[in-house]
Amino acid sequence: MKINKIYPVILSGGSGTRLWPQSRLSFPKQFLKINSNYTLIQETLIRIKNKKIFHPPILICNDEHRFLIAEQLREIGIKPKLIILEPIGKNTAAAVTIASLILKKIDENAKILVLSSDHKINKTNNFHKTISNCSDVCDKNKIIIFGIKPKQPDKNFGYIKKGKIFDKKSNTFYVEEFKEKPSLDKAKKYLKNKNFFWNSGMFFFKASLMLKEINLYDKETLNQSLKSIKFANKDLDFLRLAKKYFSKIISKPIDISVIEKSDNVIVKNFDIEWSDVGSWPSIFNLSKKDKKNNLIKGSVETKDVRNCLIQTENQQVMVIGQKDLIIISTKDALLIMPNDKDVNIKENVEILSKKNNEKVQYHPKVYRPWGSFEVLLTKKNYQVKKLIINPKQKISYQKHKYRSEHWIVVKGNARITKNNKNYDLKKNQSIDIPKGAKHRVENKEKKPLTIIEIQTGDKLLENDIIRFEDIYNRN
517 MKINKIYPVI LSGGSGTRLW PQSRLSFPKQ FLKINSNYTL IQETLIRIKN KKIFHPPILI
577 CNDEHRFLIA EQLREIGIKP KLIILEPIGK NTAAAVTIAS LILKKIDENA KILVLSSDHK
637 INKTNNFHKT ISNCSDVCDK NKIIIFGIKP KQPDKNFGYI KKGKIFDKKS NTFYVEEFKE
697 KPSLDKAKKY LKNKNFFWNS GMFFFKASLM LKEINLYDKE TLNQSLKSIK FANKDLDFLR
757 LAKKYFSKII SKPIDISVIE KSDNVIVKNF DIEWSDVGSW PSIFNLSKKD KKNNLIKGSV
817 ETKDVRNCLI QTENQQVMVI GQKDLIIIST KDALLIMPND KDVNIKENVE ILSKKNNEKV
877 QYHPKVYRPW GSFEVLLTKK NYQVKKLIIN PKQKISYQKH KYRSEHWIVV KGNARITKNN
937 KNYDLKKNQS IDIPKGAKHR VENKEKKPLT IIEIQTGDKL LENDIIRFED IYNRN
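Residue 517 is where the sequence shown starts when you use this note's numbering, and the numbers rise one by one after that.
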């Protein structure tokens, strides 16, 4: 069946707290690899790569993640239609409104498929088939919300109750009722009812219809979104929304803002083996276990251990005589919790956040547009980092007010600029960068460049950077 191609809009927000410590605010879960060679966002992008069905995607993300998103796209060879940058997170009502406005201007008849960037979907063929079969329904000016048949009672999802049949061919139904996250007892009743679905957060609609509904039910979001786009700045491959107006939008989900109020919403069962990978217990349930029902990753030794998820990045971990535990060890943090889906890790991570603990915000490995750096050692007056400069990339021409640096090349060849003079360094060669000296490192080669950076000074602050030139247009 031939259909007019669909515009996928991928929402890449998220706070990164539910899979802490592996995910962080600066590195949320869509950038993790879960039982795959690809990250969750890369899996989402690959899923909508079919050019017969889909246009190139639009991605909406936090400004802080822009280069991380660009690198994810580059790794899998996908060129997006646009990457929209939100100056602050405002939930899905703002994102859907912005995307609908932009796409309606491009294509008066644009049909939009809204997807989260961090879902697991195993039945890709069913995904494509269902979307294609719903295209005619979308043309009938209906907003299609995709529901997932519950596998167990779960109080962490919103629920949708289907009503009368809308279209037999597509097997779509009117929505009788929306239910916010219920108690466990109510979730058990919904499971027995057979007419209830989990709300997947995936929607399919015409941009023109969605804007009509937003104008009816959430005009203020529409007005501020229009201004956010009108005064937006194009920056390389990104569209940076105007913070002055975007910040005035009230943060709320599109479900509450519009979907639950609209008379034009129908529900379709999505048989795609879906999971939102919302917690460590959900990853445990998704994954293959050993004979003792353990999920083990990394250098782990166990004795008399059952029903546990144990994962370590680099430390040797030994667990003896335990059951029903989740143990996650990263380079700078350790999580130990019951293997219970009802444990709310988010609340506990917020305790760290209130104490301004940087381990909520930052990963030991931090990504930049030119590559990445990893903190190897931090003491009071000195710090050691490993810098990876990607091929044909360079850091900004900059200086530091409070620290000096010493660079040692350990792999590759480096072009160093210091106070407007160039130095070419090979493996095992080094250079001093005094406090206040203008400097830059560039990788002119086709392979990554690795440098060990030793910082010394009374203040070792990540924001101690005064930039003079930057090819990535950072301040």
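Where a beta carbon is used, it is the ideal one built from N, C-alpha and C, also for glycine.
Predicted model, so just to flag it, every value in this text is computed and none were measured.
For Phe800, the uninterrupted alpha helix (DSSP H) segment begins and ends at Trp796 to Leu802.
Linking Lys807 to Lys639 through their CA atoms gives a straight-line distance of about 27 Å. One alpha carbon belongs to Gly679, the other to Asp701, and they sit about 22 Å apart. Here the alpha carbons of Cys654 and Leu629 stand approximately 10 Å from one another.
Here Ile681 is near Phe689, since their CB atoms are less than 7 Å apart. Excluding residues up to 5 positions away in sequence, Lys606, Ala610, Thr737 and Gln740 lie with their Cβ nearer than 6 Å to the Cβ of Ile765 in the same chain. Between Arg540 and Gly532, the gap from beta carbon to beta carbon is short of 7 Å. Between Ile949 and Arg756, the alpha-carbon positions lie close to 34 Å from each other. In the DSSP secondary-structure assignment, Leu561 is not bridged to any residue. The beta carbon of His644 is closer than 7 Å to those of Asn566 and Ile569 in its chain, skipping five residues each way along the sequence. Cβ neighbours of Trp536 within its own chain (closer than 6 Å, five residues either side excluded): Val865.
Take the alpha-carbon of Leu707 and the one of Glu624: they are about 41 Å apart. A distance of 7 Å or more separates the beta carbons of Ser888 and Ile911.
Gln588 sits away from Ile564, with the two beta carbons spaced by 7 Å or more. Secondary structure of Tyr733 (DSSP, three-state): helix. Shown here for Ser699: same chain residues with a beta carbon closer than 7 Å to its own, the five before and five after excluded, namely Lys671 in chain order. Ile664 places its beta carbon 7 Å or farther from that of Ser616. The C-beta distance from Thr608 to Ile770 rounds to 4 Å, short enough to fall under 8 Å.
Rounded to the nearest angstrom, the gap between the Cα atoms of Pro854 and Asp840 is 6 Å. Proximity to Lys975 across Tyr918, Phe984, Asp986 and Gly952 peaks at Tyr918, based on C-alpha coordinates.
In the three-state reduction of the DSSP assignment, Arg990 falls in the coil class.
In this structure, the CA atom of Lys954 is about 36 Å from the CA atom of Lys870. When rounded, the separation of the alpha-carbon atoms in Tyr883 and Glu692 is 46 Å. In this structure, DSSP gives Asn959 a state outside helix and strand, which the three-state scheme calls coil.
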